[in-house]
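Residue numbers (our numbering): 7 to 306. To start, the structure itself, in structure tokens.
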């Protein structure tokens, strides 16, 4: 089977667990996922089967959209609900809606984030969570990410309680830590905070409406219907510019040849199709030979 299988990742499983489960159900060895979700998160996790694993690197660059629940007044070691509470500061007054929106606006656009200690980012050849489990906190490099949209989803005019909870929608670039964003928003409001729930609603070209659960996948495998549910490989990279080649050039593309770059092609990376509309390859402008293009991935 070759194609994209958008999975609804359940709460309580790692992304790697999900890949293993689908690998066993389908007896398909070549499966990769695009964009890790923490065990406590759920939602859209596109899986690439067979030849579709060749587009994982492009899908990893895709924008993501989430619905997150944030709890104010309490911070945790992991910045989410699974960690130990490390500080509390109950909210002693009602928070106005305009305050909440102002805090969200300050964290919209290009922002710098420091990855949480409980994350898979590598520093000096070691995962941050490995340091954290040893009780160590080390300096982490800041990363630049972009928050395209950050919207308050609750309609309340005021938020009450010692530990008020509110929901936001986040549309962001790759590499954004929503739990860290929750902490940042809390700091903007003057309180410790953590992310208490997370749902990924969109990953690139795939949404919740496209997803199958593990239970649905299992039933479809039994009925031999799963292959019909896979999305074609080119749906995953449909945002890349597209060029079409004739039959004589098609043969060269299939062999991974370096070719003349068509005049007027301003983009650095683009897909190549034949005249029948079949995806052949992803090409790029040759970095060392002006006027030429070379293949990144060949699918045929």
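Glycine included, each C-beta is placed from N, C-alpha and C at the ideal position. In this text, all values refer to a predicted model and were calculated from it rather than measured experimentally.
- Would the segment 15-26 and the segment 63-73 be scored as touching if the rule is three or more Cβ pairs under 8 Å? A contact between stretches requires three or more CB pairs, one per stretch, nearer than 8 Å, and the segment 15-26 fails this requirement with the segment 63-73.
- Message: Relative to the C-alpha of residue 46, which candidate in 188, 16 and 220 has its C-alpha closest?
- Response: Among 188, 16 and 220, the Cα nearest to that of residue 46 belongs to 16.
- So what does residue 290 bridge to, in DSSP terms? Note: residue 290 sits in a beta bridge opposite 275 and 300.
- Query: Would residue 49 pass as a contact of residue 186 if the rule is Cβ separation under 8 Å?
  - Reply: Not in contact: residue 49 and residue 186 (Cβ atoms no closer than 8 Å).
- Distance, Cα to Cα, residue 240 vs residue 143? Going by the C-alpha atoms only, they are around 42 Å apart.
- Euclidean distance between Cα positions of residue 64 and residue 305: Computed Cα separation, rounded: 14 Å.
- Message: Quick check on residue 234: does DSSP put it in helix, strand or coil?
- Response: Helix at residue 234.
- Message: On the criterion of 16 or more Cβ atoms from any shown chain inside 10 Å, does residue 298 qualify as buried, or is it exposed?
- Response: By the neighbour-count criterion, in which 16 or more other beta carbons inside 10 Å mark a residue as buried, residue 298 falls on the exposed side.
- Complete beta strand (DSSP E) runs within the segment 68-108 (minimum length 3 residues, chain order): Counting only runs of 3 or more, we get 70-78, 80-82 and 91-94.
- Task: Write down the C-beta distance between residue 167 and residue 227 rounded to the nearest angstrom, noting that I regard them as a contact closer than 8 Å.
- Result: Contact doesn't hold; Cβ gap of about 46 Å is too wide.
- In three-state DSSP terms, what is residue 153? Correct three-state label for residue 153: strand.
- Enumerated in chain order, which unbroken segments of the alpha helix (DSSP H) with a length of 4 residues or greater are wholly contained in the segment 182-252? Listed in chain order, they are 184-195, 220-228 and 239-242.
- Euclidean distance between Cα positions of residue 115 and residue 150: Straight-line Cα distance between these residues: approximately 10 Å.
- Item | Exposure label - residue 200; buried when at least 16 CB within 10 Å | Result: buried.
- Alpha-carbon to alpha-carbon, residue 192 and residue 288: Rounded to whole angstroms, residue 288 and residue 192 show a C-alpha spacing of 43 Å.
- Item | Rounded Cβ spacing between residue 76 and residue 117 (contact assumed at less than 8 Å) | Rounded, the Cβ-Cβ distance is 16 Å, inconsistent with contact.
- In or out: residue 156 buried (at least 16 other Cβ within 10 Å) or exposed? Under this definition residue 156 is a buried residue.
- Give me the Cα-Cα distance between residue 58 and residue 238, rounded to the nearest whole angstrom. Roughly 8 Å separates the two Cα atoms.
- If we ignore side chains and look at the alpha-carbon of each, how far apart do residue 267 and residue 291 end up? Our two residues, residue 267 and residue 291, have alpha carbons roughly 7 Å apart in a direct line.
- Query: Helix, strand or coil: how does DSSP classify residue 32 here?
  - Reply: Three-state DSSP puts residue 32 in a helix.
- Message: Can you look up residue 14 in the DSSP assignment and give me helix, strand or coil?
- Response: Here residue 14 sits in strand by DSSP.
- Query: Hey, how far is the Cα of residue 236 from the Cα of residue 99?
  - Reply: Roughly 51 Å separates the two Cα atoms.
- With a Cβ-Cβ cutoff of 8 Å, do residue 263 and residue 176 count as a contact? Contact flag unset, no.
- Message: Using a Cβ-Cβ cutoff of less than 7 Å, which residues in the same chain neighbour residue 256 once the five nearest sequence positions on both sides are dropped?
- Response: Within the same chain, residue 256 has close Cβ partners 280 and 286.
- Query: How should residue 242 be labelled, buried or exposed, when 16 other C-beta atoms within 10 angstroms of its C-beta is the threshold for buried?
  - Reply: Burial call: buried.
- Message: According to DSSP, is residue 59 part of a helix, a strand, or is it coil?
- Response: Residue 59: helix per DSSP, three-state reduction.
- Message: Run through the DSSP bridge pairs and tell me what residue 162 is partnered with.
- Response: Answer is none; residue 162 lacks a bridge partner.
- Run the CB neighbour count on residue 219, radius 10 Å, all protein chains shown included, and call it buried at 16 or more, exposed below. Result: exposed.
- Task: Would you grab the beta carbon distance between residue 119 and residue 183 for me? Rounded to a whole angstrom, and I think it's under 8 Å.
- Result: About 6 Å separates the beta carbon of residue 119 from that of residue 183, a gap short enough to meet the 8 Å contact definition.
- Query: Within this structure, are the beta carbons of residue 81 and residue 93 separated by less than 8 Å?
  - Reply: Yes, they are a contact pair.
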